[in-house]
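Participant:
There are 2 protein chains.
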Amino acid sequence: MDLVNKIRTGNTRAIAKAISLIENETREKEELIDSIHPFTGNAFVIGVTGPPGAGKSTIVDRFIQFERDRNKKIAVIAVDPSSPFSGGAILGDRLRMQTHATDPGVFIRSMASRGHLGGISTATAGALTIFDAAGFDTIIIETIGVGQTEVEVIEMADLILLTLVPGMGDEIQAMKAGIMEIADLFLVNKCDIDGADRLKSEIEYMLMLGSEQNKASLPPIKLASAKNNTGTEELYSSIFERLNLFKNSGLLASRRKIRIQKEIEHIFASKLKELLYIKLNMEENIGLWIERVYNREIRPYNFVNKKMMELTKENVL
Amino acid sequence: MDLVNKIRTGNTRAIAKAISLIENETREKEELIDSIHPFTGNAFVIGVTGPPGAGKSTIVDRFIQFERDRNKKIAVIAVDPSSPFSGGAILGDRLRMQTHATDPGVFIRSMASRGHLGGISTATAGALTIFDAAGFDTIIIETIGVGQTEVEVIEMADLILLTLVPGMGDEIQAMKAGIMEIADLFLVNKCDIDGADRLKSEIEYMLMLGSEQNKASLPPIKLASAKNNTGTEELYSSIFERLNLFKNSGLLASRRKIRIQKEIEHIFASKLKELLYIKLNMEENIGLWIERVYNREIRPYNFVNKKMMELTKENVL
Chain P
247 MDLVNKIRTG NTRAIAKAIS LIENETREKE ELIDSIHPFT GNAFVIGVTG
297 PPGAGKSTIV DRFIQFERDR NKKIAVIAVD PSSPFSGGAI LGDRLRMQTH
347 ATDPGVFIRS MASRGHLGGI STATAGALTI FDAAGFDTII IETIGVGQTE
397 VEVIEMADLI LLTLVPGMGD EIQAMKAGIM EIADLFLVNK CDIDGADRLK
447 SEIEYMLMLG SEQNKASLPP IKLASAKNNT GTEELYSSIF ERLNLFKNSG
497 LLASRRKIRI QKEIEHIFAS KLKELLYIKL NMEENIGLWI ERVYNREIRP
547 YNFVNKKMME LTKENVL
Chain Z
247 MDLVNKIRTG NTRAIAKAIS LIENETREKE ELIDSIHPFT GNAFVIGVTG
297 PPGAGKSTIV DRFIQFERDR NKKIAVIAVD PSSPFSGGAI LGDRLRMQTH
347 ATDPGVFIRS MASRGHLGGI STATAGALTI FDAAGFDTII IETIGVGQTE
397 VEVIEMADLI LLTLVPGMGD EIQAMKAGIM EIADLFLVNK CDIDGADRLK
447 SEIEYMLMLG SEQNKASLPP IKLASAKNNT GTEELYSSIF ERLNLFKNSG
497 LLASRRKIRI QKEIEHIFAS KLKELLYIKL NMEENIGLWI ERVYNREIRP
547 YNFVNKKMME LTKENVL
């Protein structure tokens with residue numbers, strides 16, 4: 247496949263095309279993923295998450311600079327499942343993309359729900375695979391917001407950085423709760439603002455509540471100001487320190503295996519669905535079935551169980 | 247089934263037990279859902295959503311009062327997929343539950359991700375069915391936050407109310423974008439705050455952008471202050487006006503049929519997954535398969551396609 251070779255040389259247009267093929271669920275998708283699969287597994291994937299206004303983009307911009315200073319290639323996947331009216335990339339991302347437009351060592355890609363047939367998680371997983379095969383050393387998944395899709399997406403990362411800022415309302419802070427349990431590293435950003443130390447103590451307190459661990463084994467909490475570029479390089483270093491720790495302890499491998507398990511299960515589920523649609527002539531029949539359930543003539547589980555039994559008896563399933 | 251009869255009389259303990267049976271994915275679940283299915287389809291389901299801090303709970307509290315004034319039974323499902331450390335109901339809900347603890351005409355149930363084997367959407371769908379069969383006139387689904395799960399859940403409603411407040415940051419407002427497209431009614435809450443009229447204009451502008459409609463056919467935008475109880479009764483009336491409009495136009499029926507379709511597809515998917523796990527002896531084999539994909543010895547799609555073909559050849563699928 248010519249496209250695969252081009253991806254492997256890091257060709258920007260080939261990478262963009264490949265990601266589109268995957269997110270639009272084209273027929274080429276399967277062959278493409280399988281063809282590049284042998285060349286993956288080398289990139290570190292860092293997840294950057296946190297509530298809106300926590301300065302995630304600025305942090306990621308700093309990381310891009312640090313990586314380029316070290317001559318490393320970096321890709322950023324900015325995930326925004328809220329599918330704004332604007333459709334696609336938010337303004338900030340467009341500006342960022344322009345800044346790095348001429349640098350083949352930086353690739354920024356926005357993912358919004360709109361227009362992704364297979365869903366944002368599938369599209370993100372696909373983009374990860376492409377960037378990995380294209381030789382990017384580091385891939386950042388940056389999420390806008392902290393909903394369940396974002397959690398699903400961020401869990402594809404090898405390491406998760408949660409960014410918080412002092413002085414946000416309690417309700418906004420509450421949103422981070424689900425994600426606190428899976429963060430590997432905390433950043434109190436805008437640390438020059440009043441209340442940074444208090445926020446750090448609060449995070450520590452919540453982490454202690456949520457675990458049986460002693461304080462020493464809790465995830466590190468770093469203070470920085472991305473805007474003023476203080477503490478950011480130390481944060482950057484500690485991320486890679488921790489990634490190497492994960493690599494040596496086997497944690498990295500086990501996380502990646504969980505990611506593979508989810509992928510296999512996902513492929514099986516979609517193949518089964520396809521098959522079912524054909525075997526039951528779903529397209530033609532579903533309307534009538536819905537009507538009958540709606541009119542309370544048939545009951546949902548009883549109906550499905552019967553259909554499954556029919557298929558099994560006919561040796562179809 | 248004795249439980250079914252108790253549910254139908256509105257017995258509080260029976261309802262609570264039934265919801266637990268469903269959310270814990272017990273074996274009784276299927277029979278229970280099927281048994282009460284004939285007695286459903288009567289309740290109006292109202293979805294109340296919006297960003298944190300928009301005053302959703304206060305609005306819902308007002309609705310509870312208005313319903314009780316009219317001697318109608320009302321159930322509230324408070325959905326919070328962020329699964330906070332506290333686990334389960336948030337403090338506000340607990341207080342609300344206590345307030346109405348002795349009134350059998352009000353039932354408030356919190357749904358957090360934690361501990362729901364089948365996921366929050368399934369649990370919510372189950373609770374809807376139970377409340378419907380138990381004779382509640384109105385069921386409110388209230389979401390905390392506006393992520394993708396919340397959208398999935400809120401789409402189970404017959405009508406969706408989106409609550410916004412003036413003066414929130416742009417980034418927070420951006421979060422509502424995905425949900426703006428599916429809202430049937432807008433509320434500018436805290437309308438005594440500066441900027442309420444401007445927010446109303448902004449909403450109108452965004453709605454005009456997102457559609458080909460003329461201004462007259464756009465969803466209504468109401469102003470109210472839930473806290474001061476001004477404009478709330480008018481809002482409440484317009485919700486039921488609109489619901490009756492939906493009923494007469496056939497929109498209500500078609501929305502409910504979409505809900506049924508999703509339910510049927512969901513049941514099929516879970517049955518198929520069960521079958522696959524047995525036929526492929528998944529439990530025993532998945533570890534080895536993951537290992538081989540991880541070591542790049544096999545490719546994910548090629549592998550799944552082969553397995554599917556084996557099953558088809560053996561007349562298993």
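Each protein sequence line maps, in turn, to chains P and Z. For the first sequence, this note's numbering begins at 247 and goes up steadily by one. For the second sequence, this note's numbering begins at 247 and goes up steadily by one. For glycine and all other residues, C-beta sits at the position ideal for the given N, C-alpha and C.
(1) Quick test of your reading: D378/P and A289/P, contact by CB under 8 Å. State the CB separation rounded to the nearest angstrom.
(2) Should D280/Z be flagged as near chain P, meaning a C-beta pair shorter than 9 Å?
(3) Along chain P, in chain order, which residues have C-beta atoms closer than 8 Å to that of F290/Z?
(4) For the alpha helix (DSSP H) that A369/P lies in, which residues bound it at each end?
(5) From the DSSP output, read off the bridge partner residues of K468/P.
(6) Does the contact criterion of 3 or more C-beta pairs under 8 Å hold for the stretch 312–321 of chain Z versus the stretch 428–440 of chain Z?
(7) Is the Cβ of M554/P closer than 9 Å to any Cβ of chain Z?
(8) I need the DSSP call for R188/Z, collapsed to helix, strand or coil.
(9) Once you ignore the five residues that flank F312/P on each side, which residues in its own chain have a CB closer than 6 Å to its CB?
(10) Closest to M554/P by CA distance: which of L518/P, T409/P, P350/P is it?
(11) Y547/P and I513/Z look like a contact to me (Cβ under 8 Å); what is the Cβ gap, rounded to whole Å?
(12) Taking all protein chains shown into account, do 16 or more other C-beta atoms lie within 10 angstroms of the C-beta of E530/P, making it buried, or fewer, making it exposed?
(13) Below 7 Å on C-beta distance, what does Q507/Z contact in chain P?
(14) I need the DSSP call for F290/Z, collapsed to helix, strand or coil.
(15) What is the DSSP secondary structure of D326/Z, counted as helix, strand or coil?
(16) List the endpoints of the continuous alpha helix (DSSP H) containing I504/Z.
(17) Using a cut-off of 9 Å between C-beta atoms, extract the partners of K468/Z located in chain P.
(18) Can you pull out the residues from the stretch 509–525 of chain P whose beta carbon lies closer than 7 Å to at least one beta carbon of chain Z?
(19) Comparing the C-beta of P412/P with each C-beta of chain Z, is any distance below 9 Å?
(20) Give the straight-line distance between the Cα atoms of R505/Z and L374/Z, rounded to the nearest whole angstrom.
(21) Say whether chain P places a C-beta atom closer than 9 Å to the C-beta of P465/Z.
(22) Go through its chain and collect everything with a Cβ distance to T286/P's Cβ below 6 Å, but skip five positions before and after it.
(23) Would you give the residue range spanned by the beta strand (DSSP E) that I428/Z belongs to?
(24) Please report how far the alpha carbon of G256/P lies from the alpha carbon of A262/P, in whole angstroms.
(25) Starting from the Cα of L521/Z, find the closest Cα among A515/P, R314/P, E520/P and give me that residue.
(26) Cβ atoms of V322/P and I366/P: under 9 Å apart, would you say?
(27) Quick check on R273/P - is its C-beta less than 9 Å from some C-beta in chain Z?
(28) Output yes if chain P places a C-beta closer than 9 Å to the C-beta of N270/Z; else output no.
(29) Under 9 Å, Cβ to Cβ, is there at least one residue of chain P near Y547/Z?
(30) Consider the Cβ of G351/Z: report whether some Cβ of chain P lies at a distance smaller than 9 Å.
(31) Please list the residues of the stretch 469–490 of chain Z that have a C-beta atom closer than 7 Å to any C-beta atom in chain P, keeping them in chain order.
(32) Hey, is the stretch 396–408 of chain Z in contact with the stretch 292–307 of chain Z, meaning 3+ C-beta pairs nearer than 8 Å?
(33) Output the boundary residues of the beta strand (DSSP E) element that contains T409/Z.
(34) Please determine, among K493/Z, M414/Z, R314/Z, the residue with the shortest C-alpha to C-alpha distance to D349/Z.
(35) When the distance is taken between beta carbons, is E479/Z closer than 9 Å to M357/Z?
(36) In the structure shown, what three-state DSSP assignment does A442/Z receive?
Facilitator: The relevant details are as follows:
(1) 4 Å
(2) yes
(3) Residues of chain P passing the Cβ test: none, with the nearest at roughly 16 Å.
(4) 366–379
(5) L433/P
(6) no
(7) yes
(8) The structure shown has nothing for residue 188/Z, since chain Z only spans 247 to 563.
(9) Y482
(10) L518/P
(11) 6 Å
(12) exposed
(13) I532, I536
(14) strand
(15) strand
(16) 497–525
(17) Correct list: empty, because the minimum Cβ distance to chain P is about 21 Å.
(18) E509, I510, I513, F514, A515, K517, L518, K519, L521, L522
(19) no
(20) 12 Å
(21) no
(22) T375, D378, A379
(23) Unbroken run through I428/Z: none, as it is neither H nor E.
(24) 10 Å
(25) A515/P
(26) no
(27) no
(28) no
(29) yes
(30) no
(31) none
(32) yes
(33) 405–410
(34) R314/Z
(35) no
(36) helix
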